[in-house]
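A.B. asks:
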RNA sequence: GCCGAAGUGGCGGAACUGGUAGACGCGCCGGACUCAAAAUCCGGUGGCCCUCGGGUCGUGUGGGUUCGAGUCCCACCUUCGGCACCA
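Numbering (the working numbering), first residue to last: 54 to 844.
(1) If you measure between the beta carbons of residue 510 and residue 485, is that distance less than 7 Å?
(2) Which residues in the same chain as residue 781 place their Cβ atom closer than 8 Å to its Cβ, once the five residues preceding and following it in sequence are excluded?
(3) Where are the alpha helix (DSSP H) runs, 4 residues long or more, that stay fully inside the region 750-812, in chain order?
(4) Which term fits residue 254, buried or exposed, when burial requires 16 or more other beta carbons within 10 angstroms of its beta carbon?
(5) Please go through the same chain and pick out, in chain order, the residues whose beta-carbon is closer than 6 Å to the beta-carbon of residue 855, but skip the five residues on each side of it.
(6) Just checking, does the region 582-600 make contact with the region 257-276 on the three C-beta pairs under 8 Å criterion?
(7) Starting from residue 579, trace the beta strand (DSSP E) both ways and give me its first and last residue.
(8) By DSSP, does residue 853 sit in helix, in strand, or in coil?
(9) I need the straight-line Cα distance from residue 543 to residue 550, nearest angstrom please.
(10) Return helix, strand or coil for residue 274, following the three-state DSSP convention.
(11) Taking the runs of the alpha helix (DSSP H) that are 4 residues or longer, which of them lie wholly in the region 483-530?
(12) Taking the Cβ atom as the reference point for each residue, do residue 186 and residue 119 lie within a distance shorter than 7 Å?
(13) Would residue 668 and residue 761 be called neighbours here (beta carbons separated by less than 7 Å)?
(14) Considering only residues of the region 93-145, which uninterrupted alpha helix (DSSP H) runs meet the minimum length of 4 residues and lie entirely inside it, listed in chain order?
(15) DSSP three-state call for residue 728: helix, strand or coil?
(16) How about the region 103-121 and the region 172-185: do they share at least three Cβ pairs that are nearer than 8 Å?
(17) Restricting to Cα atoms, I'd like to know which of 246, 199 and 465 is closest to residue 147.
(18) Between residue 434 and the rest of its own chain, which residues show a CB-CB distance below 6 Å, the 5 nearest in sequence each way excluded?
(19) Hey, quick one: how far does the beta strand (DSSP E) through residue 569 stretch, first residue to last?
(20) Counting C-beta neighbours from all protein chains within 10 Å, is the total for residue 163 16 or more, i.e. buried, or is it exposed?
(21) Grab me the residues of residue 784's own chain with a C-beta within less than 8 Å of its C-beta, minus the 5 sequence neighbours each way, in chain order.
(22) Is residue 458 a contact residue of the ligand FMN, with contact defined as CB to any heavy atom under 6 Å?
(23) For residue 717, count the other beta carbons within 10 Å of its own beta carbon; 16 or more makes it buried, fewer makes it exposed. Which is it?
(24) Less than 7 Å between the beta carbons of residue 727 and residue 739, yes or no?
(25) For my contact list, residue 100 and residue 167 are in at a C-beta cut-off of 8 Å; report their separation, rounded to the angstrom.
(26) So, residue 789 versus residue 840, is the Cβ gap smaller than 7 Å?
(27) Does the distance from the C-beta atom of residue 411 to that of residue 534 stay below 7 Å?
(28) Can you grab the Cα-Cα spacing for the pair residue 606 / residue 579, in whole Å?
(29) DSSP on residue 560, reduced to helix/strand/coil?
(30) Does residue 725 pass the burial test, meaning 16 or more other C-beta atoms within 10 Å, or should it be called exposed?
(31) Measuring alpha carbon to alpha carbon, tell me which residue in 461, 541 and 57 is nearest residue 203.
(32) For a quick check, are the C-beta atoms of residue 501 and residue 222 less than 7 Å apart?
(33) Would you call the region 362-377 and the region 292-310 touching, i.e. three or more CB-CB distances under 8 Å?
(34) By Cβ distance below 6 Å, which residues in the same chain neighbour residue 214 in space, the five residues on each side in sequence not counted?
(35) What span of residues does the beta strand (DSSP E) with residue 831 cover, start to end?
(36) For residue 62 and residue 737, I'd like the C-alpha separation in whole angstroms.
Okay, structure coming up:
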């Protein structure tokens, strides 16, 4: 009598066993231990515990990582698979404000709940390595790294226009402004002139375009390349006739220098304030205060003549100098030579203000009206003109980037305090390393109000200057949470280290991450920042690698009602109800069975019934096999062959193709065939194979059925290997085509020669009817597949 | 506008290297079991035609290459994503 399939009872029991045995605990290699050759770092982006529940997208992500983890572990890999919490930052803090209470309490309560959900789903996580960004043991090292960046000149303060979110009351990085809006709350950002901390990401702009040793999706690399926006061109000096100053322009088209008919500077260009007419200054003040998106949305170009003239270094022409907001201060040099004949924006401006236009490139792409450069192809002309400017000391070839430095100071409470001290005498001074961590203090009111909440704790703020000992103030800003996530994956390898962020030998053993899984929405943010961190840390000798993530996979969005699940939309669905109804195994299988993991998928829990049916069928069939199949099972026969084919298919799909839904189909096929002959001599082997192959997907039910088949501890059994000899078929179905259309198919011996195959094909009645007695003009034979007659 | 990805049954999708289109599952239809229902099991399920043997059309659209195209090439349409007053 087959017992009922009771997922909850089974799952609770095995989860207890794994926890008691610390089954998925992964030690670092000992100091004298030779490093394992086949180690594997399996990582999925860590969750924000901003709500009390995982959502379905998390379940997809972490279950995918779990399947990888189980298959690799059982294939003999030393697998690191940690978990942690991106606990600092706006989402977490805003949630706390919404719900009331202290961010720490709310966040820790959320972490408790989510950790319990993760355990309920049975994911094979090494919980000994759990870290959270908000713990002093973690952010001490975030602060330590910040000091290192500062010391090395890669973190600095400057006054600059920054994106200000009026709702969240803080600065937002360029990377997280989407369509002019705060990525977090959707509020349009404003431009504010503020002194902020920046990381010098631009120092690595060129190298960030390359991916040495990293196998990344093309589209992600393209997104990053677009974001970095490298443009080759030239910087050219124009003398201002009235003042004698030189003003540099950046252009990607030095070949069009003879076509420059006017000159434009950005409203924020220092030249305007220094020399321009009052009209122009007035215009610049108004225009400069508006965000670029708003300016760009305008149909008409605006600008004012400054009253000054610039001299073209190649031909001495006097060009009017205008100030206009279509020129951006923070790209290139903030000034351009305008060539309306060959630039759409300059053309619009010229049309609006009736400025001259002169074409200098003809239809064949050759220079004209360019003195001695006439007749040169554009590319060659550009080189020649730059060479001539260089010789005269009036220009040079250069490169410009769209990428800006990362502003990471936040005027909010819930983050790692920036370990800097402001002293009237000494300026901005680093907190000495031995004073770390600078603990996040309690404050009366952490709600955003435009000024850093930490500043309200006067006792905390007042500090002695570490340099002169005089009275000084702490920096009241906190760090962007993306600073935490730029290095968390390196803390996992050595999470209890209290001497250093991590030990170099341990981080070099595990890193780079072998397989990273996460959303493509982090392409220009987290993924770029992490690469920047690792490159800098490699330059300082902290780590022995230059890319953090060797392989990257982006899961698709799980949508609900056609749109991406998100808290702002309020269409988030968690796994709890389904787990309560069907158990963790069914949910795990279903989320992966829904479709290719890299494509968006609409969440329709209705289909879970099919998976539940499959699990019950598996349960019943395995019990039948255990009772009825011969104990000393044969490993040959139709079922054994199918089992071997399934092993090959599942292994290849998971490890090589990173495809998770087709292996489930393959095991379903195997179980369907097994169900038709549970007493066959090779049924036991097929059942064992099916259970073993489904274990990474449904580890609890697989473990239970493994026991039913008389075995133990499936989670540590070697991953099955296909018997190659069984994959070779003795017969195959020959397809016979006439003019490419299938006319017959029948089983033939695999050993037949091509001539014999053709002969057999010609014997077919149906084929003869189409050939109609004549000789085929041509015969194509595809070995082990088909014969095609052309008539 | 530039760059990238994708269009296959009623639905999710499979077909990996140019070789049987629609695996697997959902849904639906029919049958068995049952007093009945649920559950379970068995069978069927792209369109059209049919003398029930089969025929024919069919992978966004139009062309092309090939003995053979969902797969390769060209043009286009649609959807999604990135960049965009970045000189």
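Note that CB positions come from ideal geometry on N, CA and C, so glycine has one too.
C.D. replies: Reading it off the structure:
(1) Taking 7 Å as the Cβ cut-off, residue 510 and residue 485 do not qualify as a contacting pair.
(2) Take residue 781, set aside five residues on each side of it, and the residues of its chain with a beta-carbon closer than 8 Å to its own are 803, in chain order.
(3) DSSP runs (the alpha helix (DSSP H)) wholly in the region 750-812: 752-761 and 777-780.
(4) Under this definition residue 254 is a buried residue.
(5) Outside the modelled stretch of the chain, which goes from 54 to 844, sits residue 855, for which no answer is possible.
(6) In short, these stretches touch, since the Cβ pair count reaches three.
(7) First-last for residue 579: 579-592, but that is the alpha helix (DSSP H), not the beta strand (DSSP E).
(8) Absent from the model: residue 853. The displayed extent of the chain is 54 to 844, so no value can be given.
(9) Straight-line measurement puts the Cα of residue 550 at about 11 Å from the Cα of residue 543.
(10) For residue 274, the secondary structure class from DSSP, reduced to helix, strand or coil, is helix.
(11) Runs of the alpha helix (DSSP H) inside the region 483-530: 511-514.
(12) In this structure, residue 186 lies away from residue 119, with their beta-carbon atoms at least 7 Å apart.
(13) Taking C-beta atoms as the reference points, residue 668 and residue 761 fail to come closer than 7 Å.
(14) Positions of the alpha helix (DSSP H) runs, each at least 4 residues long and wholly inside the region 93-145, are given as 109-127 in order along the chain.
(15) For residue 728, the secondary structure class from DSSP, reduced to helix, strand or coil, is helix.
(16) A contact exists between the region 103-121 and the region 172-185.
(17) When each option's Cα is compared against that of residue 147, the closest is 465.
(18) Taken in chain order, the residues that qualify are 308, 420 and 426.
(19) For residue 569, the enclosing beta strand (DSSP E) begins and ends at 568-570.
(20) When all chains shown are included, residue 163 counts as buried.
(21) Here residue 784 has 800, 801, 802 and 803 as same chain residues with Cβ atoms under 8 Å from its own Cβ, once five neighbours each way along the sequence are excluded.
(22) This structure simply doesn't include the ligand FMN, nor any ligand for that matter.
(23) Taking a 10 Å sphere around the C-beta of residue 717, we find 16 or more other C-beta atoms and assign the residue as buried.
(24) Their beta carbons are under 7 Å apart, which means residue 727 touches residue 739 by this criterion.
(25) Contact annotation, residue 100 with residue 167: C-beta distance approximately 7 Å; criterion of less than 8 Å satisfied.
(26) Inclusion of residue 789 and residue 840 in the CB contact set at 7 Å is warranted, their separation being smaller than that value.
(27) For residue 411 and residue 534, no; Cβs fall outside 7 Å.
(28) Pairing residue 606 with residue 579, the inter-Cα distance amounts to about 14 Å.
(29) Residue state, collapsed to three classes: helix.
(30) Exposed: under 16 other Cβ atoms inside 10 Å.
(31) Ranking 461, 541 and 57 by CA distance to the CA of residue 203 puts 461 first.
(32) The answer is yes: Cβ separation under 7 Å.
(33) With three or more CB-CB distances shorter than 8 Å, the region 362-377 counts as touching the region 292-310.
(34) Spatial neighbours of residue 214 in its own chain (CB-CB distance under 6 Å, excluding positions within 5 residues in sequence) are listed in chain order as 244 and 246.
(35) That run of the beta strand (DSSP E) goes 831-835.
(36) Taking the straight line from one Cα to the other gives about 25 Å.
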